[in-house]
Each structure stands twice: as structure tokens, then as C-alpha cells.
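Okay, structure first, notes after.
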Amino acid sequence: MQLDKAKIKQSFAAASVTYDGVAALQRTVGNALLNTINAESLTGTLLDLGCGTGFLTANLVGSWGNGTQSVPYMNAIALDIALPMVQVTRAKLVDAPNVNYVCADAEQLPLAGQIVDGVFSNLALQWCVNLEGVFTDIKRVMKPDGRLVFSTFGPQTLQELKSAWADVDDFNHVNDFYGEQQLRHFLQLAGYTEIAIETKIYLSSYDSVLALMKELKHIGAHNVIAGRNKSITSKSQMQRMIAAYEQHRTGDLIPATFEVMMITAS
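Residue numbers for the sequence shown follow my numbering, beginning at 1013 and rising by one.
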């Protein structure tokens, strides 16, 4: 599946004001990512790739939250494709002098070679089209002993929503995501030799299908598929999709599966 970069940028820019109110899963995964870090072994400069509203950046520089997960980085670079996201991060970290802010595409890093000691990314790289190229460029900007640590969605993500739409038509309404073997292959092609991948399933619950779709919109994770059906979804199509999804309901709530992979590579 191809991704529309213009729509990705637009969606996340629009979501900058609503993101923090609904991004519970992103924070949970971000904390799990932080727990993989050996803080004592890290020094130098960090690149937070796809910083969003700054949750990971703030914890890494030790200037936000309760400090239990903080890593005292000397310098950090917060980079995101959506300028409003970068601006929100900068406003949150106004008292952190050791952070630089960059609005850029992760697939076109405007950074010199070998300037960062580590690259971290929380649920952002799944929005990149050419992951082999991304991993290669990350290796270029990292110092020789640098390490890439990131989380990304796996192919089981939103499987209930995919299944429900499949009962309506043959168009792609939900993004596909790479699996473990594909990600490992891309990393190996980019020159990484030490690769560790851990997969975990997160189940979120919602009052309704519309509540799930509203949350996806508010975090910017929607309408980014290139070549998707451009016609407006009819009321009857939406009702059919919802009826199909309702078959997954347990009690008062409907479930949504999110497969998350935690990956370290060097």
C-alpha cells in the first residue's frame, strides 16, 4: 500500500491540538519504549524522529513528567513532518535549552552525517513509504556506535476495522503495516547487524465504532492511503461497516487491536 505524504502532513498538522487528549496508547507505548533504555549508557545527542507533541522528547531530556523515566541527554533534536506538532513540542519544552527543533520529512533528513548518538522514534516510522531508505539515512546521521530504538504498528493493527470494511467493498480503508520479517529485512539491507524485535498486542475499548474513528482522526491516523476510493462513503455503506464491526462487541464495548513492535538496531 502506498501512503500519501501530503495527506499525512495535513492530518498530523490538524491533529496537533487534539492529539494529547486522546493519545493514551501512544503514551503507553512511549513509556514501554523508554523502559528499554539503559539510561546510564547514553550520552551525547538524541534525535527524536517523528516527535509529535513531544512526549518522548520531554522524557528523554528529563524536563517533563515525574522524572522516573527521564534520560539526561545533553542535546536532543525534535523532528516532525508537521510544523504545528513541532510548535507544540517547542511550547512544552520552552524551559529546555538543550533541544533543537526541525520540521522535516523522516525520509529526507536535513542533517549532516554522524551527528547523533542515538535515534528514537515512537509510533511514527509506519508513516514512511521507503523504510529501507529511512533506515539507511538514519545510519548515515548516527555515529558509528549509535543505536536506533523505535516502535511501530504491526499488520494486526485495527484488524476488526479492516474486517468490517471488507464486508462493504474492496477498497482499502485502513492502512497496512509491515510485519517483523519485512522490518528485519529492511534493517539488514540498510546495514544493521544487531537487531532485536519484540511484539505486543494492545487491546483498546470504545463505546462505539464512531468513537474509535473519532479518536483515529484526532491523532491524525486516518485518510493517508494513496489511491484509495475518492468517492464519499455513503450513509448506507457506513451503516453496513458499523453493523459488521458490532459483531465484535463484548458487553458494552467494542475492541480495537493494536499490534506494536519494539525494535532496537545497531
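We treat Cβ as the ideally placed atom computed from N, Cα and C, and that holds for glycine. As the structure is a computational prediction, the values presented were derived from the model and not from experiment.
Close-in-space but distant-in-sequence residues of the same chain around residue i (CB under 6 Å, 5 per side omitted)
| i | result |
| --- | --- |
| Gln-1120 | none |
| Leu-1059 | Ile-1089, Val-1128 and Val-1131 |
| Lys-1155 | Gln-1126 and Asp-1129 |
| Leu-1173 | Val-1186 |
| Val-1161 | Phe-1132 and Thr-1276 |
| Thr-1057 | Asn-1087, Val-1128 and Asp-1129 |
| Arg-1152 | Gly-1125 |
| Ile-1213 | Glu-1271 |
| Trp-1139 | Ile-1020 |
Residues near residue i by beta carbon distance below 8 Å, same chain, minus five either side
| i | result |
| --- | --- |
| Gln-1193 | none |
| Thr-1065 | Ser-1028, Tyr-1031, Asp-1032, Ala-1035, Met-1097, Val-1100, Thr-1101 and Lys-1104 |
| Gly-1166 | Phe-1189, Tyr-1190, Gly-1191, Glu-1192, Thr-1211, Glu-1271, Val-1272 and Met-1273 |
| Gln-1081 | With a pLDDT of 43 at Gln-1081, under the threshold of 50, the modelled position of that residue is not reliable, and the figure given next carries that caveat. Taken in chain order, the residues that qualify are Asn-1043, Leu-1046, Asn-1047 and Asn-1071. |
| Leu-1137 | Leu-1061, Gly-1062, Ala-1118, Leu-1143, Val-1146, Phe-1162 and Thr-1164 |
| Leu-1095 | Ala-1025 and Cys-1115 |
| Ser-1217 | Leu-1265, Ile-1266, Pro-1267 and Ala-1268 |
| Arg-1039 | Phe-1067 |
| Ile-1231 | Ala-1027, Thr-1030, Tyr-1031, Val-1034, Ala-1035 and Gln-1038 |
| Val-1141 | Gln-1014, Leu-1015, Lys-1017 and Glu-1119 |
| Asp-1179 | Arg-1252, Met-1253 and Ala-1256 |
Segment limits, beta strand (DSSP E) that includes residue i
| i | result |
| --- | --- |
| Pro-1267 | 1266-1277 |
| Ser-1220 | Looking at the DSSP string, Ser-1220 is not in any beta strand (DSSP E), and its letter there is neither H nor E. |
| Leu-1091 | 1087-1092 |
| Val-1114 | 1111-1115 |
Endpoints, the alpha helix (DSSP H) within which residue i is located
| i | result |
| --- | --- |
| Thr-1055 | First-last for Thr-1055: undefined, no H or E at that position. |
| Val-1100 | 1095-1104 |
| Arg-1252 | 1247-1257 |
| Gly-1033 | 1031-1034 |
| Leu-1068 | 1067-1072 |
| Ala-1233 | Run containing Ala-1233: none; DSSP gives neither H nor E here. |
| Ser-1028 | No alpha helix (DSSP H) holds Ser-1028; DSSP gives it neither H nor E. |
Residue i, buried or exposed, once every other Cβ within 10 Å from all chains shown has been counted against 16
| i | result |
| --- | --- |
| Lys-1021 | buried |
| Gln-1251 | exposed |
| Leu-1201 | exposed |
| Leu-1195 | buried |
| Ser-1075 | Interpretation of Ser-1075 is limited by its pLDDT of 49, a score under 50 that renders its predicted location unreliable; the figure taken from the coordinates is listed afterwards. Flag for Ser-1075 reads buried. |
| Asp-1107 | exposed |
| Ile-1093 | buried |
| Ala-1255 | exposed |
| Lys-1247 | exposed |
| Leu-1215 | exposed |
| Phe-1069 | Strictly speaking, residue 1069 in this sequence is Thr, with Phe absent from that position. Result: buried. |
| Gly-1203 | exposed |
| Thr-1169 | buried |
| Ile-1150 | buried |
| Ala-1208 | exposed |
| Gly-1158 | buried |
| Asn-1112 | exposed |
Nonlocal neighbours in the same chain, by C-beta distance under 7 Å from residue i, ignoring five residues either side
| i | result |
| --- | --- |
| Phe-1198 | Leu-1143, Glu-1144 and Phe-1147 |
| His-1260 | Glu-1172, Ile-1266 and Pro-1267 |
| Leu-1135 | Gln-1038, Val-1041, Ser-1163, Thr-1164 and Phe-1165 |
Handout entry: beta strand (DSSP E) runs contained entirely in the stretch 1120-1194, provided each spans 3 or more residues
Key = Those beta strand (DSSP E) runs which fall completely within the stretch 1120-1194 and span 3+ residues are 1128-1134 and 1154-1165.
Exercise for the section: Check whether the stretch 1144-1152 touches the stretch 1221-1233, counting contact only when three or more Cβ pairs, one atom from each stretch, lie closer than 8 Å. Expected result: Cβ pair count under 8 Å is below three, so no.
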